[in-house]
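See below for the structure under consideration.
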Amino acid sequence: MNTREYLEILHIAERLKDTPRHCTTTNGRTESVAEHSWRVSLMAFLLKKEFTDVDMDRVTDMCLIHDLGECFTGDIPTFLKTDSDRDTEDDLLHKWLRTLPDELSEHLCELYAEMEAQATKESRIYKALDKLEALIQHNESPLSTWSENEFEMNKTYAFDTVAFSQWLTELRKDILEDTIAKIENNDQTRQG
């Protein structure tokens, strides 16, 4: 790839810095898709010693690119995203991928196909981390920013996604413990 092609890819990806997500930060500021993708990638990086039987660099690659389609569509919360929304995002992403230099395009298309199929342990770890990061972020954000449906959803979401891994299941249980404590502490604050 030449330097101009490289810059054009970065210019497209920069859109994620300005693409807001449904979640907020601890201080109540709306987070960007880029911030979410960064932390999902950090989560993968930090787990290299926990998952020695998989290619964690590949997992990190998946985490880095997983929301690039939102450069074209924006972020739609999982509980609002329809199959039509997913199809539109996938279509726009793949149109863009086909404009990239051949070797890069092939590599990215291969990663996205693996992520979609969810047949490898790497792809399942990526998917679990993506969902768990959103739950962790919700636990860090003020309850006043939660949608009404999230009080129950945050107690049940992603248990099925982590079931293949004892370590990730334990992490999900710890996140649930934090969720319940957050909700209960808020109830006590309102009552006191």
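Per this note's numbering: the sequence shown = residues 932 to 1123.
Note that beta-carbon positions come from the ideal geometry of N, C-alpha and C, so glycine has one too.
In this text, all values refer to a predicted model and were calculated from it rather than measured experimentally.
Secondary structure at residue i, three-state DSSP: helix, strand or coil?
i, result
"residue 997", "coil"
"residue 1078", "coil"
"residue 961", "strand"
"residue 1029", "coil"
"residue 1097", "helix"
"residue 981", "coil"
"residue 1007", "coil"
"residue 1087", "helix"
"residue 986", "coil"
"residue 1110", "helix"
"residue 1019", "helix"
"residue 1013", "coil"
Could you tell me how far apart the beta carbons of residue i and residue j are, in whole angstroms, since I believe they sit closer than 8 Å?
i, j, result
"residue 1088", "residue 997", "17 Å between Cβ atoms; not a contact."
"residue 952", "residue 962", "5 Å"
"residue 955", "residue 1076", "4 Å"
"residue 981", "residue 1098", "5 Å"
For the alpha helix (DSSP H) containing residue i, name the first residue and the last one.
i, result
"residue 955", "Where residue 955 is concerned, there is no enclosing alpha helix (DSSP H), although the beta strand (DSSP E) it sits in stretches over 951-955."
"residue 1093", "1090-1093"
"residue 1070", "1052-1071"
"residue 934", "934-944"
Taking C-beta to C-beta, are residue i and residue j nearer than 9 Å?
i, j, result
"residue 1053", "residue 1041", "no"
"residue 1074", "residue 1113", "yes"
"residue 1100", "residue 1055", "no"
"residue 1125", "residue 974", "Shown here, the chain extends from 932 to 1123; a query on residue 1125 therefore has no answer."
"residue 985", "residue 1060", "no"
"residue 940", "residue 932", "yes"
"residue 1025", "residue 1043", "yes"
"residue 1072", "residue 957", "yes"
"residue 976", "residue 987", "yes"
"residue 1000", "residue 1023", "yes"
"residue 1086", "residue 1102", "no"
Does the distance between the C-beta of residue i and the nearest non-hydrogen atom of the ligand SAM fall short of 8 Å?
i, result
"residue 1110", "The ligand SAM is absent from the structure shown, which contains no ligands of any kind."
If you measure from the beta carbon of residue i to each beta carbon in chain B, is any gap under 9 Å?
i, result
"residue 1044", "In summary, chain B is missing from the structure at hand, where a single protein chain is found."
Checklist line | Cβ contact (3+ pairs, closer than 8 Å) linking the segment 977-991 and the segment 1003-1013 | finding: No, because fewer than three Cβ pairs between the segment 977-991 and the segment 1003-1013 fall closer than 8 Å, the two stretches do not touch.
Checklist line | Meets three-Cβ-pair contact criterion under 8 Å: the segment 964-972 and the segment 1031-1042 | finding: No: the two stretches stay apart, fewer than three of their Cβ pairs being nearer than 8 Å.
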